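Start counting the sequence shown at 36; every next residue gets the next number (the working numbering).
Here a beta-carbon is modelled for each residue, glycine too, at the ideal position from N, C-alpha and C.
As the structure is a computational prediction, the values presented were derived from the model and not from experiment.
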Amino acid sequence: MTEQQNPSIAKHRPVEGRRAFLRWSGVAAAAAVAFGVNVPGLKLGEAFAQSRAVDLGGGDLGVLNYAYALEQLEAAFYTQVIASPYAGMNAYERTLLNDIRAHEVSHREFFKKALGANRIPDLEVNFSAVNFGDRMSVLKTAMTFEDLGVSAYNGGGAAIQSPRYLAAAGSIVSVEARHAATIRDMLRPFTEYFAGDDVVSRGGVDVSNPPSAVLRAAGPFIVTPVTATQLP
Numbered sequence: 036m037t038e039q040q041n042p043s044i045a046k047h048r049p050v051e052g053r054r055a056f057l058r059w060s061g062v063a064a065a066a067a068v069a070f071g072v073n074v075p076g077l078k079l080g081e082a083f084a085q086s087r088a089v090d091l092g093g094g095d096l097g098v099l100n101y102a103y104a105l106e107q108l109e110a111a112f113y114t115q116v117i118a119s120p121y122a123g124m125n126a127y128e129r130t131l132l133n134d135i136r137a138h139e140v141s142h143r144e145f146f147k148k149a150l151g152a153n154r155i156p157d158l159e160v161n162f163s164a165v166n167f168g169d170r171m172s173v174l175k176t177a178m179t180f181e182d183l184g185v186s187a188y189n190g191g192g193a194a195i196q197s198p199r200y201l202a203a204a205g206s207i208v209s210v211e212a213r214h215a216a217t218i219r220d221m222l223r224p225f226t227e228y229f230a231g232d233d234v235v236s237r238g239g240v241d242v243s244n245p246p247s248a249v250l251r252a253a254g255p256f257i258v259t260p261v262t263a264t265q266l267p
């Protein structure tokens, strides 16, 4: 019986190597906090206080709010995963998923601090389509979020003008890419799936998607209407 057929076999794999991999990647997220500033400008939280519709805005502020929206979604998802572990989750998998949860919460808090009064409101999420008691349902959803997140940062990065914001986004997307590879390896251990040709081109470049495509894909999981009319 293969490890993929029986996920419990994964508990015999060395945990520290992968934990060190994720722990090191968390350093990039911590370093990114140094870029946080409160940019004067349109206070989006106040502007949309009277409406459920949230537009992300434009320019660097819009891109940061875009990333903040996605990090809210991911942090909420992994928090639920750890709060209600799926059947058969072993210590190895719980350790990995908890490390990823910590990173996503750190990313969310970074953008919250960086945006200050300019941040969008907290978004209402909906995970009713996810069976948190089923391993495959959880990991496939995690893969969707991580792959989507990487493509979102790649697509949104081109619209960032500030060098320090670009540096922060670059450090965070590298962490997201490690998350994506980890989840994919949990789904299909010891295969090339961790960097499959569905997410990495033949030229060795990650997939890139514009905000409109990313928000459309994430839409079923976000109750609060979100638009990106001022982003490319």
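Which of helix, strand or coil DSSP assigns to residue 257: Looking at residue 257 - three-state DSSP - the assignment turns out to be strand.
Assuming residue 143 contacts residue 115 under a Cβ cut-off of 8 angstroms, what Cβ separation, rounded to an integer in Å, is found between them? Contact flag wrong, Cβ pair sits at about 14 angstroms.
Less than 7 angstroms separating the beta-carbons of residue 190 and residue 244? yes
Tell me whether residue 241 sits in a helix, a strand or coil according to DSSP, three-state version. strand
Less than 8 angstroms between the CB atoms is what I'm expecting for residue 259 and residue 159, so what's the real figure, rounded? 5 angstroms
Buried or exposed: residue 100, going by 16 or more other Cβ atoms within 10 Å of its Cβ? buried
Quick check: the Cα distance between residue 119 and residue 161, rounded to an integer number of angstroms? 16 angstroms
In this structure, does DSSP put residue 90 in helix, strand or coil? strand
Let me confirm a value: residue 139 is counted as buried when at least 16 other C-beta atoms fall within 10 Å, else exposed. Which label applies? By the 10 Å Cβ count, residue 139 comes out buried.
Within its chain, find whatever has a CB closer than 6 angstroms to the CB of residue 102; leave out the 5 residues flanking it on each side and keep chain order. 146
Where do the ends of the alpha helix (DSSP H) carrying residue 324 lie? Residue 324 falls outside the range modelled here, since the chain spans only 36 to 267, and no answer is possible.
Whole angstroms are fine: how far does the CA of residue 204 sit from the CA of residue 16? It is not possible to answer for residue 16, since the shown part of the chain is limited to 36 through 267.
By Cβ distance, which residues of its chain are closer than 8 angstroms to residue 201, with the 5 residues on each side in sequence left out? Cβ-Cβ distances below 8 angstroms link residue 201 to 192, 195 in the same chain, with the five nearest sequence neighbours on each side left out; the list follows chain order.
Going by C-alpha distance, which of 220, 267, 212, 225 is nearest residue 241? The candidate whose alpha carbon is nearest that of residue 241 is 212.
Below 8 angstroms on the Cβ atoms is my guess for residue 170 versus residue 231; work out the distance and round it to an integer in Å. Residue 170 to residue 231, Cβ: 19 angstroms. No contact.
Could you tell me which residues DSSP pairs with residue 262 in its beta bridges? Answer is 90.
Taking the alpha carbon of residue 155 as the reference point, which residue from 90, 130, 267 has its own alpha carbon closest? The candidate whose alpha carbon is nearest that of residue 155 is 90.
Residue 197 to residue 128, Cα distance in whole Å? 38 angstroms
So residue 131 is in the alpha helix (DSSP H); what residue range does that whole segment cover? 126 to 150
Can you tell me whether DSSP reads residue 116 as helix, strand or coil? helix
Considering only residues of the same chain and omitting the five flanking positions on each side of residue 250, which have a CB-CB separation below 7 angstroms? For residue 250, the CB contacts under 7 angstroms within the same chain, skipping 5 residues up- and downstream, are 261, 263 in chain order.
Between residue 113 and residue 136, which are expected to be in contact by the criterion C-beta below 8 angstroms, what is the C-beta distance as a whole number of angstroms? 4 angstroms
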